[in-house]
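Colleague: What follows is a single structure, and I will ask about it in a moment.
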Amino acid sequence: MLLKGKKGIISGALDENSIAWKVAEKCKENGANFTLTNAPIALRMGKINDLAKKCSSEIIPADITSIKDIDNLYEESTKALGGKIDFILHSVGMSPNVRKNKEYGDLNYDWFFKTLDVSAISFHKVMQIAEKNNILNKWSSVLGLSYIAAQRTFPFYSDMAEAKSLLESITRSYGYRLGKLSKTRVNTISQSPTITTAGSGIEGFEAFYNYAEKMSPLGNATAEECANYCVFLFSDLSKKITMQNLFHDGGFSNTGISEEIIDQFS
Ligand SMILES: NC(=O)c1ccc[n+]([C@@H]2O[C@H](COP(=O)([O-])OP(=O)(O)OC[C@H]3O[C@@H](n4cnc5c(N)ncnc54)[C@H](O)[C@@H]3O)[C@@H](O)[C@H]2O)c1
């Protein structure tokens, strides 16, 4: 029960494959109380109701790019949970260019801005409004999800690579600020390719998933394993870990080549 008595907000659970869905289940198992949030349009799918029931959680709709919606999310969450917040999961990513198969050399710039707003600047908004509304407890933990395309080029990842670089930069900058203000830690987990709606929306995802599996000495990290890592990062066991991008990828990021890949090319 690593999170006994802790209060949180979990965004991004769309269906049972979502990383956020698994995080919610693990947080519940570990004794936390939390609200669930997603974009109003995603809530229409209705699946999240099953999760809410299972976790005894309230669902509060919020478009994560809207300051008004985040304001409301915080007001309703602190009311529902009966106090200030100990952890926030930002598990949101979306690129209209990727969705509509726009090539990197032919990006629609309005959509590019949308990618950055939804997938990265929203992380700043989540923290800025938390600071302004003073909703974070001392020693709270804020977590986002990233991908190694922030450091290295993966052509199919398109403008999401820029979004993840920005997300990781905001993590450092706001991590400093919130550390000073409320001893809050801010980190991103750089997760292995994972079969979810957002993941499989990327062109050539399956081939890349299999490649990463063969490149990683421990194999790809699953959504469930990611959820366990999130629980640790929300718990008091990780109090001094902050401003980090933490690779959770079975060793992929430090592997030059694996024997399996060599065999395939011999
Ligand atoms: N799946 C992977 O391979 C992988 C790898 C590394 C990192 N990630 C990251 O993990 C996070 C979660 O993605 P996932 O793989 O669980 O996929 P997912 O599709 O299940 O989750 C993405 C969520 O973002 C939500 N969302 C989109 N626009 C929104 C908006 N305007 N306001 C509020 N919510 C919005 C969606 O409704 C959805 O619930 C993302 O940041 C993603 O980039 C995923």
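Take the sequence shown: its letter number 84 is residue 116 in this note's numbering, and every next letter is one higher.
Every residue, glycine too, gets a C-beta built ideally from N, C-alpha and C.
These numbers were taken from a predicted model, which means no experiment stands behind them.
#1: Of all Cβ atoms in chain B, is any one closer than 8 Å to the Cβ of residue 250?
#2: Leaving out five residues on either side along the sequence, give the residues of the same chain with a beta carbon under 6 Å from the beta carbon of residue 200.
#3: Between residue 283 and ligand 1, is the CB less than 7 Å from at least one heavy atom?
#4: If you check the beta carbons only, do residue 125 and residue 188 fall under 8 Å apart?
#5: Going by C-alpha distance, which of 38, 34, 44 and 267 is nearest residue 230?
#6: I'd like to confirm something about residue 185: is its beta-carbon nearer than 7 Å to some heavy atom of ligand 1, or not?
#7: Please tell me whether residue 42 and residue 116 are closer than 8 Å, where the distance is taken between their beta carbons.
#8: With the cut-off set at 8 Å, would you say residue 46 and residue 56 are in Cβ contact?
#9: For residue 195 versus residue 147, is the C-beta distance shorter than 8 Å?
#10: For the beta strand (DSSP E) containing residue 40, name the first residue and the last one.
#11: Spatial neighbours of residue 80 within its chain, please: C-beta separation below 7 Å, excluding the five flanking residues on both sides.
#12: Under 8 Å Cβ to Cβ from residue 131, same chain only, skipping five residues before and after it: list those, please.
#13: Rank 226, 127 and 89 by C-alpha distance to the C-alpha of residue 299 and give the top, closest one.
#14: By the 10 Å Cβ neighbour count, where 16 or more other Cβ atoms means buried, how is residue 101 classified, buried or exposed?
#15: Would you list the one or two residues that DSSP bridges to residue 280?
#16: Taking 8 Å as the threshold (C-beta atoms), are residue 163 and residue 210 in contact?
#17: DSSP three-state call for residue 92: helix, strand or coil?
Modeller: Result, derived from the coordinates:
#1: The chain labelled as chain B is not found in the depicted structure, where only one protein chain is given.
#2: The residues are 178, 182, 220 and 277.
#3: Because no heavy atom of ligand 1 lies under 7 Å away, the Cβ of residue 283 does not count as near it: no.
#4: Residue 188 sits away from residue 125, with the two beta carbons spaced by 8 Å or more.
#5: Checking every option, the nearest Cα to that of residue 230 belongs to 44.
#6: No, Cβ of residue 185 sits at least 7 Å from all heavy atoms of ligand 1.
#7: No, Cβ-Cβ distance for residue 42 and residue 116 is not below 8 Å.
#8: No, they are not a contact pair.
#9: It is a contact, given that the beta carbons lie within the stated cut-off.
#10: Note, residue 40: beta strand (DSSP E), 39-43.
#11: Closer than 7 Å at the Cβ level, and outside the excluded window around residue 80, lie 45, 68, 70 and 91.
#12: Closer than 8 Å at Cβ, skipping near neighbours: 233.
#13: The shown model of the chain, from 33 to 298, leaves out residue 299, and the question about it has no answer.
#14: Residue 101 comes out buried.
#15: Residue pairing for residue 280: DSSP places it in a beta bridge opposite 223.
#16: Yes, Cβ-Cβ distance for residue 210 and residue 163 is below 8 Å.
#17: In this structure, residue 92 counts as coil in the three-state DSSP scheme.
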